[in-house]
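These protein sequences, in sequence, are chains A and B.
Note that the working numbering gives residue 145 to position 145 of the first sequence, counting from 1, and the numbers run on in steps of one.
All you need for the working numbering is the position in the second sequence, starting with 1, plus 1000.
All residues carry an ideal CB built from backbone N, CA and C; glycine is no exception.
All figures in this text were calculated on a predicted structure; none of them were measured in a lab.
All remarks here apply to the structure that follows.
2 protein chains.
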Amino acid sequence: MFETETLRDAKYTRTVLFETEAFEVVRCVWQKEAISMLHSHGVSQCSVLIENGIFENKTVLGFKTETQILKVGQFFTTPIAAEHEIKCISETGTTLHVYSPKISKDLKPATFHNQNDKLEFHLDLGDSLNWNHVSHLLSEIEKSSVTTSSPYFMNQLFSGVHSQTLAAESVIHRTRTTLATWEASPVYSLIEKEITKKLAMKMGWDSKNSDGIGISGGSAANMMALHCARHSNNPLAKTQGNQNHSYRIYVSDQAHYSFLKSANAIGLGTNSVVSIQTDEFGKMISDDLQAQIQQDLKSGHEPLLVAATAGTTVLGAFDPIDELAVVARKFNLWLHVDAAWGAPAYFSKNTDLIKGSELADSLTFDAHKFFGADLTSTFFVVKNGALLFEANDVKGGEYLFHESEELDRGRLSWQCGRGAEFLSFWTLWKNLGDQGLQNAIDQKLELVQTTVDFIKNQQRLRLISHPSFLNLCVQVLPPQGSEADPRAWSIHVRKQMIKHHQAMVNYSENSKDGAFLRMIFVHPQLNFEHVKNILNFALGVC
Amino acid sequence: MFETETLRDAKYTRTVLFETEAFEVVRCVWQKEAISMLHSHGVSQCSVLIENGIFENKTVLGFKTETQILKVGQFFTTPIAAEHEIKCISETGTTLHVYSPKISKDLKPATFHNQNDKLEFHLDLGDSLNWNHVSHLLSEIEKSSVTTSSPYFMNQLFSGVHSQTLAAESVIHRTRTTLATWEASPVYSLIEKEITKKLAMKMGWDSKNSDGIGISGGSAANMMALHCARHSNNPLAKTQGNQNHSYRIYVSDQAHYSFLKSANAIGLGTNSVVSIQTDEFGKMISDDLQAQIQQDLKSGHEPLLVAATAGTTVLGAFDPIDELAVVARKFNLWLHVDAAWGAPAYFSKNTDLIKGSELADSLTFDAHKFFGADLTSTFFVVKNGALLFEANDVKGGEYLFHESEELDRGRLSWQCGRGAEFLSFWTLWKNLGDQGLQNAIDQKLELVQTTVDFIKNQQRLRLISHPSFLNLCVQVLPPQGSEADPRAWSIHVRKQMIKHHQAMVNYSENSKDGAFLRMIFVHPQLNFEHVKNILNFALGVC
């Protein structure tokens, strides 16, 4: 059972004391300056006790790196999804390590799927299966799932698994409760209030009058914005419905499809959504907005709301909030900012992207995209908090709500049972602080610019638009001499990337350029090496 | 460091090999028949290796108990929130135990809060705090949260923390992805399809034509039912909005307030919701429904939908679905079943409660209430699956949806980013099977009846209505000679229960009886001892 091995390039010996699939206990004896290089532990939790000597432990927690000095009798635990590097700084040292479960030697490579991949699973329900068997199925499910934890997953507006989020999620689930009432979730109610207050301050609003709630996603938050705007325009809609109003909602032609879904759902109809043209960077043209509103007024429609997109899905464009605010104010319209994707801009040192936010009435803020909070952790924040309550509170909840709306936050919401997912964002923010979040976003913005410079020197890579945010849209052209359609080649490249489990990068299309790749820069560990690997693979596809 | 202790009443010795706050390694030496009685490990994971001998291990996983025999070299891990009992069945035996983190000796007693409890926390955001400090705050948050894991928590329509759910949640979060597209969540898309198919079969529908989605809560599912009914009645509403329709929605006067919230949100207005009277058991009176519809037709309204509540929040009443179906069919109305709370009735051997479900058009099914799935795990299922797609799909999602709607399930939903919470319900169902779920619900129904018999023998306890489900509504009368108001005494009793951290039981009121306690029977470990303790405490309040 006892086994000694000496690792190359590191002057320490490693003795396995106990070993099962469920756990492993290891003792290490170290010489001065010996280092166990930066490594993660897969799904295992790693705890280390210092038995002798003095050690330096560096932990990489997503966007943050922390270093601590540990002496005899001290210990540390590396959270799941974090990496750490341990170094002996005394003459000699001894450490005891517990891994639970045992670390898997064959760490799973990235897995991406094509539609025609056959997934063979016993997913059918009916008979009972013992827990060991079910646990095994769960690990199969994990292995067959797309490796969104990889920096090579640039397909969605999120990437990576954050250790702070995982730690918060454990607490959320062990304390499982609903956010409807204060008595069932006192601390979480306070945390929800704190986050929404701070977001209101980032908007430049008076945090005393504003309010907000955690909501089930960016789409739901946009739907709530339409609902609040309608209520503000006509409080009678609450009891009497839409009636004959012919409202108009203005979004850019690059806005998220949830405005159409929402207009359908809340009974305005998709025809009420008017797409305003964008410029070459994907930003709404405010003169066009004004012209459209004037025309709609002439036709007897009722302009209701302008939604500024802060971060479009394809190009990452930010509508000029300040310009739209001038128009919205002129016609007395509700101004909503959909920052589902652009939320990190509120933490960046570059505030140009979101200037004018103080003039807006409401905000959609997704913390599960760039910040890696629990999916989904969205906030809907309004300048006029009282309106959120008036627009949503109804009778009939007396069996549940025994306190004021200040305390029973479910009265602000469409949801009754509601989870505390947003604790994950609170945990991340608390650990990084404003400054840490600023660094995280600004470093990724720099990486985008470095990549732009690289692309400009590649003949077969074409930028679709100069990026202002974390989206980089690039078209891959076929190899010289190829007769392949350059407008479709990027789709072929993408399929090859997925097929070879190299990377997962989404694509989009427009009428001018055809198809192109959309690279999303959010993974905390994503660096220029990853980006070059992807682009070099793309250039190598034939 | 080495320490030996002998536990009373158990012939085994326990030696601590290594001990830190982060982990503990213990060796136990056993005599034949020695038992480590049923125990849990708080937030610690416990793994045991059999070093010598043969052992029997019994694990209690919420509603399910499993037993296994283990020999030399074998091991097991007790999932968090499960309990286990280990017994030596050979002459002697040795086991090695790893606890990670170390088990806390002072297991936290139940914590419940009154509104005036001051919670002092450093919840403010802005500065950064190192991870050790943040971890400590997370455990403070956990300690100050309401102990919903206790059987004495009977306040909500959920109670207890299920080990199957916790295990699934770990997988969900490590594979964090969105259910919008097949390519980002291939296995989860299959699982969603499997669950909704099986639920359609439980309704007695043709599972080939039906479809369904995971949705953000029972309220959202009820809202989706109204939306689908509207779309079915007038597909033009999708583009043109509600227009002049004066729809009417029929629910019982005991129905959930989400119908009012939804009617407001989807633009019909709360006046469109008509409350139909219920009988003494809280069930909608179908003759009254019919009369109301006829009257509304005369007044020029358009009856749209009847929602049968399967399990009301206060009394746990089930509307007579079969009778309502006759009325709905007669007037060509959509029939929705809101089984957010009554969902387990579809697994019970007593199918009387939900007979007629095959005649319904849609279902709200909450798996996070009785079943203890991740909060929230709701399913919205429709008989006509094509309608769900037609009612919700819009253009504008081409950047995301590259496959058919069969594969890209986000097209059926209002949500874009959507988590895989429902894996927790799949995991529970897979482990227990149909039969295990049936036993779980039927045992709790029996416990309710046992409690009813007990209450009938207590002069100061008054049943409000004979329970047909898992809600038991009981009024506590003041002690003899007291001048306290009997209509308000139950609220006083409840406050005392919470103040002394004895139990958390909600209350409700009606005009005939005044206030009464509402006991909810869902916690997997809840037994008659817990119930008697609560009622005896209630009788002792002065």
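Along the stretch 1186 to 1216 of chain B, the positions whose C-beta sits under 8 angstroms from a C-beta of chain A are P1186, V1187, Y1188, L1190, I1191, E1194, I1195, K1198 and S1216, read in chain order. Y1099(B) is bridged by DSSP to E1024(B) and C1046(B). Any Cβ of chain B closer than 8 angstroms to the Cβ of G419(A) would place that residue at the interface, and such an atom is present. Inter-residue distance for K383(A) and F259(A) is about 20 angstroms (C-alpha atoms, whole angstroms). Excluding its 5 nearest sequence neighbours in each direction, C1473(B) has C-beta neighbours in its own chain below 8 angstroms: V1314, L1315, L1463, I1464, S1465, P1467, S1508, F1516, L1517, R1518 and M1519, listed in chain order.
Chain order gives the chain B residues near N271(A) as T1239 and Q1240, where near means a beta carbon separation below 7 angstroms. With respect to the C-alpha of V327(A), the residue from D338(A), G342(A), T94(A) and Q294(A) having the closest C-alpha is Q294(A). Our two residues, D127(A) and N264(A), have alpha carbons roughly 41 angstroms apart in a direct line. Under the 10 Å beta carbon count, R329(A) is surrounded by fewer than 16 other beta carbons and is classified as exposed. Scanning chain A for C-beta atoms nearer than 7 angstroms to the C-beta of I1141(B) yields V171 and V187, reported in chain order. Within the same chain, Cβ atoms closer than 6 angstroms to the Cβ of A1538(B) are found at V1476 and V1493, the five residues on either side in sequence being excluded. Taking a C-beta distance under 8 angstroms as the contact criterion, F55(A) and I89(A) qualify as a contact pair. In this structure, the straight-line span from the alpha carbon of A1340(B) to that of W429(A) is close to 34 angstroms. Relative to G1436(B), the option among L1129(B), Q1031(B) and P1524(B) whose CA is nearest is P1524(B). Taking 8 angstroms as the cut-off, the Cβ atoms of N431(A) and W1131(B) count as close. No Cβ-Cβ contact shorter than 8 angstroms links F1347(B) with I1195(B). Relative to G1073(B), the option among T1059(B), E1091(B), G1053(B) and K1087(B) whose CA is nearest is G1053(B). Apart from sequence neighbours up to five positions away, the residues of its chain that approach G356(A) with a beta-carbon distance below 6 angstroms are I321, D322 and A325, ordered along the chain.
If you draw a 10 Å sphere on the C-beta of M37(A), you find fewer than 16 other C-beta atoms in it, and that means exposed. When secondary structure is reduced to three states using DSSP, N234(A) falls in the coil class, being assigned neither helix nor strand. Taking a contact as a CB-CB distance under 8 angstroms, the pair S149(A) and E83(A) does not count as one, their CB atoms being some 12 angstroms apart.
Within chain A, the residues placing a beta-carbon under 8 angstroms from that of C1416(B) are G217, G218, S219, H256, Y257 and S258, ordered along the chain.
Cα atoms of L447(A) and L61(A): separation of roughly 19 angstroms, rounded to the nearest angstrom. A Cβ of chain A is located within less than 8 angstroms of the beta carbon of F1018(B). Check the Cα spacing between T1165(B) and each of T1059(B), Y1250(B), D1374(B) and T1278(B): the tightest is with D1374(B). CA-CA distance, M1284(B) to D1366(B), rounds to 21 angstroms. Flagged as an interface residue toward chain B: Q156(A), by a C-beta distance shorter than 8 angstroms. Among the CB atoms of chain B, none fall inside 8 angstroms of the CB of K71(A). Secondary structure in the stretch 115 to 166 of chain A: the alpha helix (DSSP H) runs of 4 residues or longer, each lying completely within the stretch, are 131 to 144 in chain order. Of the other Cβ atoms in all chains shown, fewer than 16 fall within 10 Å of the Cβ of K1495(B); this residue is therefore exposed. Residues of chain B with a Cβ closer than 7 angstroms to the Cβ of T427(A) are, in chain order, V1134 and L1138.
The beta carbon of G1218(B) lies closer than 6 angstroms to those of A1340, T1364, D1366 and T1378 in the same chain, with the five residues before and after it left out. A Cβ-Cβ distance of about 5 angstroms is found for the pair L179(A) and S185(A), placing them in contact under the 8 angstroms criterion. For S1144(B), the residues of chain A that pass the 8 angstroms Cβ criterion are P186 and V187, in the order they occur in the chain.
Proximity of N1431(B) to chain A, defined by a Cβ-Cβ separation below 8 angstroms, is satisfied. Shown in chain order are the members of the stretch 1014 to 1043 of chain B whose Cβ falls below 7 angstroms from a Cβ of chain A: F1018, T1020, E1021, A1022, F1023, V1025 and V1043.
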